[in-house]
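Have a look at the structure below before the remarks.
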Amino acid sequence: MKWDEIIGQDNLKKQLQNSIQEDRISHAQLFIGKSGFGVLPLALAYASEVICKKSEKCLLQTHQLQHPDLHLSFPTINNSVEKKEAISSDYIKRYREFLLEDSYRDINQWYEYLNEDKKQGIISVKEIENIIDRLNLKSFEGGYKVQIIWMVETMRVESANKLLKILEEPPAKTLFILLAEDDKKILPTILSRCQRITVNPIDNKDIEVNLRLKFFIEQEMSETIAKRAEGDWNIACKLIKNSTLQEEFEKYFIRWNRAAVMAPKKPEFLKEIVDWSLEISTWGREKQKNFLQFCAETFRQALLQNYNSPSLVNNPLTYENFKWNSFSSFVHGSNIEDILKEINSAFFHIERNGSAKIIFLDMGIKLTRFLARKNE
Numbered sequence: 001m002k003w004d005e006i007i008g009q010d011n012l013k014k015q016l017q018n019s020i021q022e023d024r025i026s027h028a029q030l031f032i033g034k035s036g037f038g039v040l041p042l043a044l045a046y047a048s049e050v051i052c053k054k055s056e057k058c059l060l061q062t063h064q065l066q067h068p069d070l071h072l073s074f075p076t077i078n079n080s081v082e083k084k085e086a087i088s089s090d091y092i093k094r095y096r097e098f099l100l101e102d103s104y105r106d107i108n109q110w111y112e113y114l115n116e117d118k119k120q121g122i123i124s125v126k127e128i129e130n131i132i133d134r135l136n137l138k139s140f141e142g143g144y145k146v147q148i149i150w151m152v153e154t155m156r157v158e159s160a161n162k163l164l165k166i167l168e169e170p171p172a173k174t175l176f177i178l179l180a181e182d183d184k185k186i187l188p189t190i191l192s193r194c195q196r197i198t199v200n201p202i203d204n205k206d207i208e209v210n211l212r213l214k215f216f217i218e219q220e221m222s223e224t225i226a227k228r229a230e231g232d233w234n235i236a237c238k239l240i241k242n243s244t245l246q247e248e249f250e251k252y253f254i255r256w257n258r259a260a261v262m263a264p265k266k267p268e269f270l271k272e273i274v275d276w277s278l279e280i281s282t283w284g285r286e287k288q289k290n291f292l293q294f295c296a297e298t299f300r301q302a303l304l305q306n307y308n309s310p311s312l313v314n315n316p317l318t319y320e321n322f323k324w325n326s327f328s329s330f331v332h333g334s335n336i337e338d339i340l341k342e343i344n345s346a347f348f349h350i351e352r353n354g355s356a357k358i359i360f361l362d363m364g365i366k367l368t369r370f371l372a373r374k375n376e
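Quick note on this note's numbering: the sequence shown kicks off at 1 and runs consecutively.
Below you can see the structure in the form of structure tokens.
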């Protein structure tokens with residue numbers, strides 16, 4: 001990854017480049033931020049310059065993720081058939097392909113790429129042992145060895161404790177770059193050994209410009225998508241690529257809400273919610289998460305419509321002449337917080353491989369109570 005391939009983040013890029021030029025490279029650094037903010041692209045560009053300085057041949061190797069001084073570790077899924085504890089080297093060829101296609105993608109897209117989107121990966125003890133063995137060897141270039149650990153929060157406690165030992169006494173000229181989306185899941189002892197670097201959302205203008213360059217879309221559309229993406233390039237790309245899913249998501253959202261509105265008066269509509277949840281449970285986890293994000297955004301838009309701010313509504317539902325204004329009247333200050341909380345809870349449990357049948361059924365039924373609530 002080259003610096004000029006990173007979307008936005010100009011101030012942080014300059015900060016990282018200056019730390020190299022001024023030889024202020026902390027041996028253990030923790031980059032915190034969502035994958036779509038550019039955490040991994042920043043780490044890769046930084047690692048390339050630390051290893052290579054300005055050597056073109058060396059940079060070519062690092063940009064292809066093939067340099068012997070650049071080490072990559074990431075969550076892997078154990079082989080249940082062979083009962084083998086998986087390590088990164090088992091998947092390294094596919095991981096390189098995954099990153100070279102798009103390094104802004106998240107952990108669930110990695111599992112989906114492996115056709116394992118129903119499982120959860122980990123960074124195992126064996127992986128940390130391999131890291132220690134690798135880093136105790138001499139560097140190929142004679143300078144820094146760089147170890148990137150992506151999604152470090154997937155380490156078990158025993159893995160983290162083993163990593164802690166080498167963070168406390170690292171080999172000379174070794175740089176650890178740990179990447180995480182949620183620092184609350186990382187052991188405090190690991191956090192205390194690392195210099196923290198916060199990666200903030202990408203500026204909307206940078207997302208707009210890059211959307212137009214990459215997807216050749218009109219300015220109005222790029223502005224709308226950038227606003228909805230909230231600084232996350234990965235989400236922006238999903239919104240573009242999932243435009244074909246818009247009609248399907250609208251169909252299922254409308255079906256759910258119609259049943260939820262009718263259920264308090266006609267209990268037979270509860271069966272419709274059951275059928276709805278069973279159908280959605282057959283989708284892949286990534287699609288389920290995208291649908292939940294779509295639902296949350298649609299409810300927010302409905303609230304704006306109900307509170308007489310139609311100019312801020314950028315995605316009203318139009319499927320089969322849906323009565324958007326009538327629906328919006330059911331979404332108000334007395335129920336929006338509970339609705340969004342329930343959707344976020346469902347997203348949380350889906351992400352952690354909970355039972356989709358139970359999660360969507362529970363959420364579907366709860367909406368009947370929320371929509372029946374009067375505005376105070």
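The C-beta atom is built at its ideal place from N, Cα and C for all residues, glycine as well. The model shown is predicted, which means the values in this text are computed figures rather than measured ones.
Given residue i as reference, the closest of the options once Cα atoms are compared
i           : options               : result
residue 38  : 162, 232, 206 and 224 : 232
residue 27  : 298, 123, 176 and 196 : 176
residue 127 : 115, 147, 20 and 119  : 147
residue 383 : 352, 202, 179 and 337 : Missing from the structure shown is residue 383; the chain here goes from 1 to 376 and no further.
residue 29  : 120, 40 and 52        : 40
residue 307 : 99, 327, 198 and 55   : 327
residue 216 : 32, 241, 182 and 193  : 241
residue 352 : 322, 299 and 286      : 286
residue 251 : 235, 298, 230 and 110 : 298
residue 150 : 130, 114 and 110      : 110
residue 172 : 70, 184, 193 and 143  : 143
residue 236 : 324, 106 and 256      : 106
residue 344 : 290, 230, 320 and 248 : 290
residue 239 : 347, 293, 62 and 209  : 293
residue 11  : 320, 227 and 203      : 203
residue 184 : 209, 153, 161 and 157 : 153
residue 228 : 256, 295 and 193      : 295
residue 342 : 163, 365, 75 and 74   : 365
residue 77  : 67, 68, 90 and 254    : 90
residue 256 : 158, 363, 155 and 160 : 363
residue 234 : 13, 14, 211 and 123   : 211
residue 193 : 160, 221, 214 and 218 : 160
residue 115 : 198, 104 and 94       : 94
residue 373 : 339, 96 and 254       : 339
residue 284 : 226, 209 and 354      : 354
residue 124 : 198, 88, 98 and 102   : 88
Residue(s) in a DSSP beta bridge with residue i
i           : result
residue 146 : 70 and 175
residue 180 : 32
residue 293 : Its beta-bridge partners do not exist; DSSP assigns none.
residue 195 : 29
residue 76  : 122
residue 363 : Looking at the DSSP assignment, residue 363 forms no beta bridge with any residue, so it has no partner.
residue 155 : 123
Spatial neighbours of residue i in its chain, beta-carbon cut-off 7 Å, leaving aside the 5 residues before and after
i           : result
residue 333 : 375
residue 288 : 280, 350 and 356
residue 50  : 20, 25, 144, 146 and 175
residue 201 : 37, 230, 231 and 232
residue 34  : 181 and 232
residue 265 : none
residue 347 : 289 and 292
residue 158 : 125
Cβ-based neighbour list, residue i, same chain, cut-off 8 Å, excluding 5 preceding and 5 following
i           : result
residue 357 : 277, 278 and 281
residue 100 : 64 and 65
residue 62  : 44, 47, 48, 51, 52 and 70
Cut-off 6 Å between Cβ atoms - residues of its own chain near residue i, not counting five sequence neighbours on either side
i           : result
residue 206 : 7 and 8
residue 417 : Any answer about residue 417 is impossible in this case: the structure gives the chain only from 1 up to 376.
residue 317 : 250 and 324
residue 134 : 71
residue 270 : 263
residue 68  : 140
residue 16  : 46
residue 361 : 277
residue 370 : 335, 338 and 339
Minimum Cβ-Cβ distance from residue i to chain D less than 8 Å
i          : result
residue 33 : Of the chains in the structure shown, none is chain D; there is only one protein chain.
Requested in this report: Please determine if the segment 128-140 and the segment 271-284 are in contact, where contact requires at least 3 C-beta pairs separated by less than 8 Å.
Outcome: no
Query - At least three beta-carbon pairs within less than 8 Å, the segment 154-173 to the segment 181-190 - result: yes
Query raised in the report: Is the number of C-beta pairs between the segment 255-263 and the segment 83-93 that are closer than 8 Å three or more?
Result: no
Requested in this report: Evaluate contact between the segment 296-311 and the segment 330-347, counting only Cβ atoms and requiring at least three cross-stretch pairs below 8 Å.
Outcome: yes
Requested in this report: Indicate whether the contact test is met: 3 or more Cβ pairs, each with one atom in the segment 42-55 and one in the segment 1-8, closer than 8 Å.
Outcome: yes
Query raised in the report: Taking only runs of the alpha helix (DSSP H) that begin and end inside the segment 261-286, which ones reach a length of at least 4 residues, in chain order?
Result: 269-280
Requested in this report: Pick out the complete alpha helix (DSSP H) segments inside the segment 202-265, 4 residues or longer, and give them in chain order.
Outcome: 204-215, 219-229, 233-241 and 246-262
Query raised in the report: Is there contact here, the segment 112-124 with the segment 55-63, by at least three beta-carbon pairs under 8 Å?
Result: no
Report task. Please specify which runs of the beta strand (DSSP E), each continuous and at least 3 residues long, are wholly inside the segment 4-65, giving them in chain order. Result -> 28-32
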